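In full-length UniProt numbering, the protein residues as written are 1 to 215. Cβ coordinates follow ideal geometry from the N, Cα and C atoms, glycine included. Model, not experiment: these values are computed from the prediction.
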Ligand SMILES: [Zn+2]
Ligand SMILES: [Zn+2]
């Protein structure tokens, strides 16, 4: 089997919503439907995929603002984030109003814990709880496919902000170095914003988390 994906930048924040699917079964997950739900559904239709679940890395509006609408339209379950992000979910209507776009609160069908597994057709995603940007942020890793969706934990050449309520930069760095980098240099990742990269490249060159900073 093979994992395939398509990135759909959504909202004024150009958040990398992704459609990820199992090529055997054509079962798909939408990771972080921040908004523009019709566009996301259009991609699912064009690719002839069957939506199986919605996965949420964390509850910031650009990642999760369209979750309720997509779940309502499709009837699929909402999986994630970790329950420590409940307060961000509660703040969604206010966040969306402040930034002037549609978005609403939602109730996850399943909270995620570190070490949980999420199946998608013949694929299996391991859940890594990576607090620091938000306290309930999770990352989805398909080890056999060398793939991760990391939300706002890690970017090409940077890391997530940690100046939000319950953010913590040291905790974020520890999440990246202790829970992501050991998974392998060859894991390519989709970040919440900007271009893709892989753990090895960030390990060598990312000024916030490179090995040489911690040698
Ligand atoms: Zn965020
Ligand atoms: Zn973001």
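Next on the checklist: Taking 6 Å as the limit between beta carbons, can you name the residues of its chain near residue 150, skipping five residues before and five after?
Outcome noted: 139, 189 and 191
Next on the checklist: Just checking residue 102 against ligand 2 - is the residue's beta carbon closer than 7 Å to any of the ligand's heavy atoms?
Outcome noted: no
Next on the checklist: What does the Cβ neighbour count give for residue 29, buried or exposed, with the cut at 16 atoms within 10 Å?
Outcome noted: buried
Checklist entry - Beta carbon of residue 53, beta carbon of residue 77: below 8 Å? => result yes
Checklist entry - If you measure from the CB of residue 62, is any heavy atom of ligand 2 nearer than 7 Å? => result yes
Checklist entry - What separation, rounded to the nearest whole angstrom, lies between the Cα atoms of residue 175 and residue 131? => result 7 Å
Checklist entry - Does DSSP put residue 135 in a helix, in a strand, or in coil? => result coil
Checklist entry - Using the beta-carbon count (16 or more within 10 Å), is residue 115 buried or exposed? => result exposed
Checklist entry - Going along the chain, which unbroken runs of the beta strand (DSSP E) with 3 or more residues stay wholly within the region 112-190? => result 117-120, 123-129, 138-142 and 147-151
Checklist entry - residue 73 to residue 107, Cα distance in whole Å? => result 15 Å
Item to check | residue 193 CB to nearest heavy atom of ligand 2 below 7 Å | outcome: yes
Item to check | Residue range of the alpha helix (DSSP H) that includes residue 55 | outcome: No alpha helix (DSSP H) contains residue 55, which is instead part of the beta strand (DSSP E) from 50-55.
Checklist entry - Counting along the chain, where does the alpha helix (DSSP H) carrying residue 36 start and finish? => result Premise fails: residue 36 is in no alpha helix (DSSP H) and is neither H nor E.
Checklist entry - Is the region 153-173 close to the region 207-215, with three or more CB pairs under 8 Å? => result yes
Item to check | Best match in 200, 182, 48 and 67 for proximity to residue 109 [C-alpha to C-alpha] | outcome: 67
Next on the checklist: With three or more beta-carbon pairs closer than 8 Å as the criterion, would you say the region 9-24 touches the region 197-206?
Outcome noted: no
Checklist entry - Hey, would you say the C-beta of residue 152 is under 7 Å away from at least one heavy atom of ligand 1? => result yes
Next on the checklist: Relative to the C-alpha of residue 147, which candidate in 162, 160, 183 and 82 has its C-alpha closest?
Outcome noted: 183
Item to check | Beta carbon of residue 31 nearer than 8 Å to that of residue 55 | outcome: yes
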